[in-house]
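Student:
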Amino acid sequence: MKPKKTNLGQKIKRLRAFQGMTQEDLAHALGKTRSLISFLERTGNINKYTLQEICSILKTTPEELEAESIFDGGKSPSNNATIKNPELLEQLKEENKFLKETISNQWQLIKDLSKNK
1494 MKPKKTNLGQ KIKRLRAFQG MTQEDLAHAL GKTRSLISFL ERTGNINKYT LQEICSILKT
1554 TPEELEAESI FDGGKSPSNN ATIKNPELLE QLKEENKFLK ETISNQWQLI KDLSKNK
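According to our numbering, the sequence shown is numbered sequentially starting from 1494.
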């Protein structure tokens, strides 16, 4: 089975997050809305001018971003990408842990409520 191809929007999302930027940060830097950034990351439908602006902000090139190997095997995106905010990375790890616990608790609640029917 072929691995699912990562679209351009997903690559932007990974590189943006790797650099410690939120969608809001990228939108502000571009002079666009956060909802547009969300749309671009979900669909990968990006015109070449916006792509060039995004690449400039993320310190990469469209060619490097479009290269399928940029994210092979979970490696860090591009050699010139750095984590700009290690505190944000820790915060995201804690948030991820909290969300996993919340989901687990919600599943347990659903099971408990199903038993009471």
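For every residue, glycine included, the Cβ atom is placed at its ideal position computed from N, Cα and C.
Note that the structure is a prediction, hence the values are computed from the model and not measured.
(1) I need the straight-line Cα distance from Ala-1560 to Glu-1587, nearest angstrom please.
(2) What separation, rounded to the nearest whole angstrom, lies between the Cα atoms of Ala-1520 and Trp-1600?
(3) Rounding to the nearest angstrom, what Cα-Cα distance links Thr-1526 and Thr-1543 in this structure?
(4) Tell me which same chain residues have a C-beta within less than 8 Å of the C-beta of Thr-1536, skipping the five on either side of it?
(5) Give me the Cβ distance between Ser-1531 and Gln-1516, rounded to the nearest whole Å; I'm assuming they're in contact under 8 Å.
(6) Buried or exposed for Ile-1603, please, with buried defined as at least 16 other CB atoms from any protein chain shown within 10 angstroms of its CB.
(7) For Glu-1594, collect the residues of the same chain with a Cβ closer than 6 Å to its Cβ; drop the 5 residues on either side in sequence, then sort them by chain order.
(8) Taking Leu-1506 as the reference, give the member of Ile-1547, Glu-1583, Glu-1556 and Asp-1605 with the closest Cα.
(9) For Lys-1504, count neighbouring Cβ atoms within 10 angstroms of its own Cβ and tell me buried if that reaches 16, exposed if not.
(10) With a 10 Å radius around its C-beta and 16 neighbouring C-beta atoms as the bar for buried, classify Ile-1533 as buried or exposed.
(11) Assuming Leu-1508 contacts Thr-1554 (C-beta within less than 8 Å), just tell me the rounded distance between them.
Tutor: So, from the data block:
(1) The residue labelled residue 1560 in the question sits at position 67 within the sequence shown. The residue labelled residue 1587 in the question sits at position 94 within the sequence shown. Going from the Cα of Ala-1560 to the Cα of Glu-1587 covers about 31 Å.
(2) Within the sequence shown, numbered from 1, the residue matching residue 1520 stands at position 27. Within the sequence shown, numbered from 1, the residue matching residue 1600 stands at position 107. Roughly 35 Å separates the two Cα atoms.
(3) Taking the sequence shown and counting its residues from 1, one reaches residue 1526 at position 33. Taking the sequence shown and counting its residues from 1, one reaches residue 1543 at position 50. Thr-1526 and Thr-1543: Cα-Cα distance of roughly 13 Å.
(4) Here residue 1536 refers to the residue found at position 43 when the sequence shown is read from its first residue. Around Thr-1536: Asn-1500 and Gly-1502.
(5) By 1-based counting over the sequence shown, the position of residue 1531 is 38. By 1-based counting over the sequence shown, the position of residue 1516 is 23. 6 Å between Cβ atoms; contact.
(6) The sequence position of residue 1603 within the sequence shown is 110, counting from 1. With fewer than 16 other Cβ atoms within 10 Å, it is exposed.
(7) As a working note, residue 1594 is residue 101 in the sequence shown. Within the same chain, no Cβ atom closer than 6 Å to the Cβ of Glu-1594 is found once the five residues on either side in sequence are excluded.
(8) Walking along the sequence shown from the start, residue 1506 turns up at place 13. In the sequence on display, residue 1506 carries Lys and not Leu. Looking at the Cα atoms, Ile-1547 is the closest of the given residues.
(9) What you label residue 1504 is simply residue 11 of the sequence shown in a count that begins at 1. Classification for Lys-1504: buried.
(10) Taking the first residue of the sequence shown as 1, we reach residue 1533 at position 40. Reading off the sequence shown, one finds Leu at residue 1533, where the question assumed Ile. With 16 or more other Cβ atoms within 10 Å, it is buried.
(11) In the sequence shown, residue 1508 corresponds to position 15, counting from 1. In the sequence shown, residue 1554 corresponds to position 61, counting from 1. The beta-carbon distance between Leu-1508 and Thr-1554, rounded to whole angstroms, is 12 Å. This is too long to meet the 8 Å contact definition.
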